[in-house]
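Below you'll find the structure, written out as structure tokens, and then a few comments.
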Amino acid sequence: MRTTQDRIEEIKKNGYTLDFGNVFNHAFENYKKIALYSGLILFVGIILISILLAIIALSIFDSETVLEKLKAENLQPENLSLNSMLIFSGVTILITCLLSPFTAGLIKMAYCAERDEEFHVSTMFEYYKAPYFKELFIAILLISLLSTGIPELLDYAQIPFVGFLITILTTFFTFLTIPLIIFGNLKAVEAIQASVLIVSKQPIVLLGLFVIGIIATFVGLIGCCIGIVFTIPFMYSLYYAIYSEIIGFDPETGIENRN
Numbered sequence: 006m007r008t009t010q011d012r013i014e015e016i017k018k019n020g021y022t023l024d025f026g027n028v029f030n031h032a033f034e035n036y037k038k039i040a041l042y043s044g045l046i047l048f049v050g051i052i053l054i055s056i057l058l059a060i061i062a063l064s065i066f067d068s069e070t071v072l073e074k075l076k077a078e079n080l081q082p083e084n085l086s087l088n089s090m091l092i093f094s095g096v097t098i099l100i101t102c103l104l105s106p107f108t109a110g111l112i113k114m115a116y117c118a119e120r121d122e123e124f125h126v127s128t129m130f131e132y133y134k135a136p137y138f139k140e141l142f143i144a145i146l147l148i149s150l151l152s153t154g155i156p157e158l159l160d161y162a163q164i165p166f167v168g169f170l171i172t173i174l175t176t177f178f179t180f181l182t183i184p185l186i187i188f189g190n191l192k193a194v195e196a197i198q199a200s201v202l203i204v205s206k207q208p209i210v211l212l213g214l215f216v217i218g219i220i221a222t223f224v225g226l227i228g229c230c231i232g233i234v235f236t237i238p239f240m241y242s243l244y245y246a247i248y249s250e251i252i253g254f255d256p257e258t259g260i261e262n263r264n
């Protein structure tokens, strides 16, 4: 059985071919199978998380203080103190890390849909367990420190363009990290390194797919902003389709088992 590591070594030596049209069609067909179910779960999840954050904020500050802090002008980097900036960045990174297994669950849902396997709400929370949670948390922590933490500090130093560029490049070159962890049985750092390697071999095609995916996602904002929760899953179908086309799955076992 060829392992993910074997395939990565092959890519490192010989590269790979990737057809834009095939990947896009693959992603779109997969998305149609998960759009409604995953969209509803995202919608409910966003509401619950918003309520939880509001309760936490109101338990620490009074309502007037919360409303004042949430004003757009008060959230601008130039209007925040360094301590406020560090706290804001830290909380953002922590929330992103804690939600990474949920993101992994969305990609697993795409995997199940491809094979006409049943998926449930529990699928979304499948990776909130050892050893996946640790690897996902570490990987997203490292990525977020680079894509969020450093750019926030650069924004504070009034060098926003450099920060924006770092965010875009980091997000783009590491977007296969989660699939490599949950499907390829790689450790956090290994998955990040492999993602950078894979993307660097076909940056133009992958950038095109990435941009189209973002545009397709924001189509949900047209007419009614709530529609975006039903277009966001397209990105996860796209991640799955790209991984499937480049790395692939063993026809007998599918996902590699993590010991």
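Everything in the sequence shown is counted per the numbering used here, starting at 6 for the first residue and increasing by one. Yeah, the Cβ is synthetic: ideal placement off N, Cα and C, and Gly gets one too.
Are the stretch 216-224 and the stretch 91-103 touching, with three or more C-beta to C-beta distances below 8 Å? no
Can you grab the Cα-Cα spacing for the pair Ile-112 / Tyr-132, in whole Å? 11 Å
Looking at C-alpha atoms only, which residue of Cys-102, Ser-68, Gly-218 is the closest neighbour of Asn-30? Gly-218
Between which two residues does the alpha helix (DSSP H) harbouring Leu-91 extend? 87-119
Can you round the beta-carbon distance between Cys-35 and Glu-119 to whole angstroms, since I take them to be within the 8 Å contact cut? For the record, residue 35 in the displayed sequence is Asn; it is not Cys. Confirmed, about 6 Å.
Sub-8 Å separation of Gly-110 and Phe-130 beta-carbons: yes
Short of 6 Å in beta carbon distance, which residues of its chain neighbour Phe-48, apart from the five on each side in sequence? Order them along the chain. Val-234
Restricting to Cα atoms, I'd like to know which of Ile-148, Ile-186, Val-216 is closest to Pro-136. Ile-186
Here's the rule I'm using: 16 or more other beta-carbon atoms within 10 Å means buried, otherwise exposed. How should Tyr-248 be labelled? buried
What did DSSP end up calling Ile-148 once you bin it into helix, strand or coil? helix
Closer than 8 Å, CB to CB, is Val-224 near chain E or not? Structure shown: chain E not included; a single protein chain is present.
For Ile-183, the first and last residue of its enclosing alpha helix (DSSP H): 182-187
Do you know offhand how far Phe-215's Cα is from Leu-53's? 29 Å
Beta-carbon proximity of Ser-43 to Pro-238, cut-off 8 Å: yes
Verify whether the separation of the beta carbon atoms of Thr-175 and Leu-159 is less than 8 Å. no
How would you write the range of the alpha helix (DSSP H) that Phe-66 sits in, first residue to last? Neither: Phe-66 is in no alpha helix (DSSP H) and is coded neither H nor E.
Excluding sequence positions up to five away, which residues of its chain have a Cβ less than 7 Å from the Cβ of Ile-39? Met-114, Ala-115, Ala-118, Pro-238, Ser-242
Cα-Cα separation between Tyr-161 and Glu-123, rounded to whole angstroms: 47 Å
By a C-beta neighbour count over all protein chains shown, 10 Å radius and 16 as the cutoff for buried, is Ile-65 buried or exposed? exposed
Measuring only the C-alpha atoms, how far is Arg-263 from Asn-190? Any answer about Arg-263 is weak, because its pLDDT of 49 lies below 50 and its placement is not dependable; what the coordinates show is given next. Those two C-alpha atoms are separated by around 6 Å.
Starting from the C-beta of Gly-168, find all residues in its chain whose C-beta is less than 6 Å away, skip the five residues before and the five after it, and write them out in chain order. Pro-156, Leu-159, Asp-160
Between Thr-97 and Ile-148, how many whole angstroms is the CB-CB distance? I'm expecting something under 8 Å. Not quite, the Cβ-Cβ distance comes to about 13 Å (not below 8 Å), so this is no contact.
Do you know how far the Cα of Phe-177 is from the Cα of Ile-251? 16 Å
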